[in-house]
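Numbering (my numbering), first residue to last: 267 to 625.
Glycine residues also receive a C-beta, built at the ideal position from the N, C-alpha and C atoms.
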Ligand code: SF4
């Protein structure tokens with residue numbers, strides 16, 4: 267039997283669970299400070315807990331949700347963590363070091379049910395949702411691998427799976443990441459990418475000032491229906507209309523739109539010129555990502571010249587743009603290549619090559 271995991275609960279929830287089990291709530295704080303403050307994952311090593319309580323907790327709870335199966339290091343320094351759960355499920359997380367930050371891309375599902383046509387994860391199908399503890403353990407396993415003095419500065423929910431289809435676990439993991447008494451990460455350092463599960467966007471933004479990224483990838487419903495089949499349920503009008511609502515705009519935070527450039531599919535100058543019109547009224551930043559070829563898809567990236575011309579045309583329409591150079595392609599860690607063989611796409615992994623419009 268797989269035991270419930272202590273990292274799957276935010277502090278208030280765990281305090282409540284302890285209380286209902288007849289334990290003082292502050293014992294939950296003690297346990298969490300061992301796990302997050304001191305990195306101790308063996309309950310028997312939590313020496314300021316009574317021995318009987320350590321035994322009781324160990325009999326009923328697990329602490330480690332994922333084990334590192336292997337780490338692959340790209341020529342550009344990107345590190346892919348292949349992580350295994352007790353049930354044998356495998357997920358991947360990708361650490362992208364840059365000059366002033368270390369960004370970790372985490373997965374939220376094993377496989378993905380959305381079957382976007384350009385994505386290696388989509389080709390796998392869906393196995394199961396990850397628990398909040400399994401999301402948090404991606405962060406902890408990556409954190410352990412950092413050099414002394416280094417920290418994880420940013421977390422992006424852009425790995426395998428659609429985060430907003432695993433909403434309860436994703437929400438709980440964000441609460442754990444941002445709790446000053448657990449991982450103490452600023453919400454502004456967290457980005458959640460969605461293909462457009464419209465009813466979950468507002469609850470996400472109500473969690474705090476986290477960043478929202480939308481995997482856009484097309485400028486017409488006809489093309490987006492093919493690339494991102496979820497578009498048939500939440501078409502562009504509905505998705506972008508939801509982002510134009512007054513209270514979302516009053517957050518004064520840009521929405522990041524991810525646009526994977528695919529040769530002959532969505533890379534025309536007409537597309538580039540349509541984008542500023544489509545996003546009008548939404549505080550936006552557009553991330554352009556040349557397609558990462560992978561074995562499950564015949565789709566190729568456009569030439570560098572086409573990418574540059576696309577970026578220039580969209581920029582001329584008034585959009586703030588970043589054209590990304592993909593990272594980790596040699597270890598299948600770039601966007602759309604993760605398949606663990608299985609982790610994910612979403613979009614937006616890569617180092618930033620700012621154009622003049624970049625804020
Ligand atoms: S792009 Fe994202 S939402 Fe689409 S299939 Fe891949 S992982 Fe799922």
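Residue i lies in the alpha helix (DSSP H); which residues open and close that run?
| i | result |
| --- | --- |
| residue 439 | 433-444 |
| residue 572 | 570-582 |
| residue 280 | 277-286 |
| residue 402 | 398-410 |
| residue 556 | Where residue 556 is concerned, there is no enclosing alpha helix (DSSP H), although the beta strand (DSSP E) it sits in stretches over 550-556. |
Give the secondary structure of residue i by DSSP, where H, G and I count as helix, E and B as strand, and everything else as coil.
| i | result |
| --- | --- |
| residue 385 | coil |
| residue 326 | helix |
| residue 612 | The pLDDT assigned to residue 612 is 34, lower than 50, so where the model puts this residue is not dependable, and the model offers no usable value. |
| residue 588 | strand |
| residue 271 | strand |
| residue 500 | coil |
| residue 430 | helix |
| residue 527 | strand |
| residue 492 | helix |
| residue 335 | strand |
| residue 517 | coil |
| residue 299 | helix |
| residue 467 | helix |
| residue 483 | coil |
| residue 507 | helix |
| residue 353 | coil |
| residue 393 | strand |
| residue 294 | helix |
| residue 317 | helix |
| residue 358 | strand |
By Cβ distance, which residues of its chain are closer than 8 Å to residue i, with the 5 residues on each side in sequence left out?
| i | result |
| --- | --- |
| residue 462 | 480, 481, 494, 496, 497, 500, 505 |
| residue 403 | 273, 330, 331, 332, 349 |
| residue 337 | 345, 346, 347, 348, 411 |
| residue 681 | Here the chain covers residues 267 to 625 and nothing more, so residue 681 does not appear. |
| residue 613 | In this prediction, residue 613 scores a pLDDT of 34, lower than 50, which makes its location untrustworthy; the coordinate-derived value is nonetheless stated afterwards. These residues qualify, in order along the chain: 424, 459, 479, 481, 483, 524, 525, 526, 553, 555, 601, 602. |
| residue 296 | 312, 314, 315 |
| residue 307 | 301, 329, 330 |
Given residue i, which residues of its chain have a CB within under 7 Å of its CB, disregarding the five upstream and five downstream residues?
| i | result |
| --- | --- |
| residue 556 | 527, 567, 568, 573, 592 |
| residue 618 | The predicted position of residue 618 is uncertain, since its pLDDT is 33 and thus under 50; a value taken from the coordinates is nonetheless stated next. Only 588, 590 meet the Cβ criterion. |
| residue 451 | 421, 443, 444 |
| residue 514 | 471 |
| residue 416 | 368 |
| residue 392 | 375, 377, 378, 379 |
Check whether the Cβ of residue i lies closer than 7 Å to any heavy atom of the ligand GTP, and answer yes or no.
| i | result |
| --- | --- |
| residue 333 | Among the ligands in the structure shown, the ligand GTP does not appear; only the ligand SF4 can be found there. |
So, at 6 Å on beta carbons, what are the nonlocal neighbours of residue i in its own chain, with the 5 sequence-adjacent residues on each side left out?
| i | result |
| --- | --- |
| residue 623 | Note that residue 623 scores 28 on pLDDT, short of 50, meaning its location in the model is unreliable; the coordinates nonetheless yield the value given after this. The answer, listed in chain order, is 581, 586, 587. |
| residue 339 | 345 |
| residue 310 | 320 |
Residue range of the beta strand (DSSP E) that residue i falls in?
| i | result |
| --- | --- |
| residue 542 | Counting along the chain, residue 542 falls outside any beta strand (DSSP E), though it belongs to the alpha helix (DSSP H) covering 535-544. |
| residue 346 | 345-350 |
| residue 459 | 456-460 |
| residue 372 | Residue 372 -> no beta strand (DSSP E), and no H or E assigned at all. |
| residue 420 | 420-423 |
Are at least three pairs of beta-carbons, each pair with one atom in the region 467-486 and one in the region 519-532, less than 8 Å apart? By the Cβ test, the region 467-486 is in contact with the region 519-532, since at least three Cβ pairs between them sit closer than 8 Å.
Would you call the region 571-588 in contact with the region 538-556, where contact means no fewer than 3 C-beta pairs closer than 8 Å? In this structure the region 571-588 lies against the region 538-556, because at least three pairs of beta carbons, one per stretch, are closer than 8 Å.
Any contact between the region 373-384 and the region 426-433? By contact I mean 3 or more CB pairs, one from each, below 8 Å. As far as the Cβ criterion goes, the region 373-384 touches the region 426-433, which means the pair count is three or higher.
Between the region 281-299 and the region 412-423, are three or more C-beta pairs nearer than 8 Å? Output reads no: the region 412-423 does not touch the region 281-299.
For the region 431-438 against the region 456-472, do three or more pairs of beta-carbon atoms, one drawn from each stretch, fall closer than 8 Å, so that the two count as touching? Because the criterion of three Cβ pairs below 8 Å is met, the region 431-438 and the region 456-472 touch.
Given 8 Å, three or more beta-carbon pairs between the region 383-400 and the region 273-285: Yes, since at least three Cβ pairs between the region 383-400 and the region 273-285 fall closer than 8 Å, the two stretches touch.
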